[in-house]
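The sequence shown begins at 2 in my numbering and counts up by one.
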Amino acid sequence: MSDEIQISEKTYAILQQIEAAREVDLHLLESLFPDITVDEFRNFLRLNHIPEDIDTQKIVTLLSDKSVVTRSPTSTNKGALILKMATEAGITKSAAALVIDAVVSAVASTLKKGESVTLPGLGTFSVSKRAARNGRNPQTGQTIRIKAKKVASFKAGKVLSEKIR
Numbered sequence: 002m003s004d005e006i007q008i009s010e011k012t013y014a015i016l017q018q019i020e021a022a023r024e025v026d027l028h029l030l031e032s033l034f035p036d037i038t039v040d041e042f043r044n045f046l047r048l049n050h051i052p053e054d055i056d057t058q059k060i061v062t063l064l065s066d067k068s069v070v071t072r073s074p075t076s077t078n079k080g081a082l083i084l085k086m087a088t089e090a091g092i093t094k095s096a097a098a099l100v101i102d103a104v105v106s107a108v109a110s111t112l113k114k115g116e117s118v119t120l121p122g123l124g125t126f127s128v129s130k131r132a133a134r135n136g137r138n139p140q141t142g143q144t145i146r147i148k149a150k151k152v153a154s155f156k157a158g159k160v161l162s163e164k165i166r
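Shown next, in the form of structure tokens:
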């Protein structure tokens, strides 16, 4: 195995967090698992109830079991979106994070006022009213009344719809 190992910034960051929190050998983990994402590590540690004093070899053994670390190719988290945006736009990750936070905040405050937000090429965010209805408690089977509420919705625009077909 080569001494120089290329890993993503996300993988390196989570490995640093694991090393700091659990005193594991960062270099061993990064050399063996260069493509595991931050969320995958977090989920792995949480789902496997890994204690604070875990030793490096135990993590390596657990991570080596392919059934333990599962990937979700159909979702992207905020961190991955920030990294992608920063890379494609040629800006820093902190600048990309500020932009994403500002967009989310602006959309949320506009929706709170009951207005819709249309982003050409992406789609329209709007608020819908969901009527009160009867539901069922899954544990007891008892009928319960679910209150009316407002919900945010998104309708993809034509350009986005065509790009994902």
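Backbone N, C-alpha and C fix where the C-beta goes; we use that ideal spot for every residue, glycine too.
The continuous stretches of alpha helix (DSSP H) do not include S154, which lies in the beta strand (DSSP E) extending over residues K150 to A157. Around the beta-carbon of A103, fewer than 16 other beta-carbon atoms lie within 10 Å, marking it exposed.
DSSP places T111 inside the alpha helix (DSSP H), whose first and last residues are K94 to K113. Of A149, S127, S110 and K85, the smallest CA-CA separation from S117 is found for S127. When C-beta atoms of the region 156-163 are compared with those of the region 119-138, three or more pairs fall below 8 Å, so the two segments count as touching. A97 counts as buried, since no fewer than 16 other beta carbons sit within 10 angstroms of its beta carbon. When secondary structure is reduced to three states using DSSP, S117 falls in the coil class, being assigned neither helix nor strand. Per DSSP, the continuous alpha helix (DSSP H) segment holding G80 begins and ends at K79 to A90. Taking 8 Å as the cut-off, the beta carbon of R131 is found closer than this to the beta carbon of K150. Distance from the CA atom of T111 to the CA atom of V105, rounded to whole angstroms, is 10 Å. Between the alpha carbons of I101 and S95 lies a gap of roughly 10 Å. Per DSSP, the beta-bridge partners of I147 are R134. When the beta-carbon positions are compared, S129 and S162 stay at least 8 Å from each other. By the Cβ neighbour-count rule, I165 is exposed, with fewer than 16 other Cβ atoms within 10 Å of its own.
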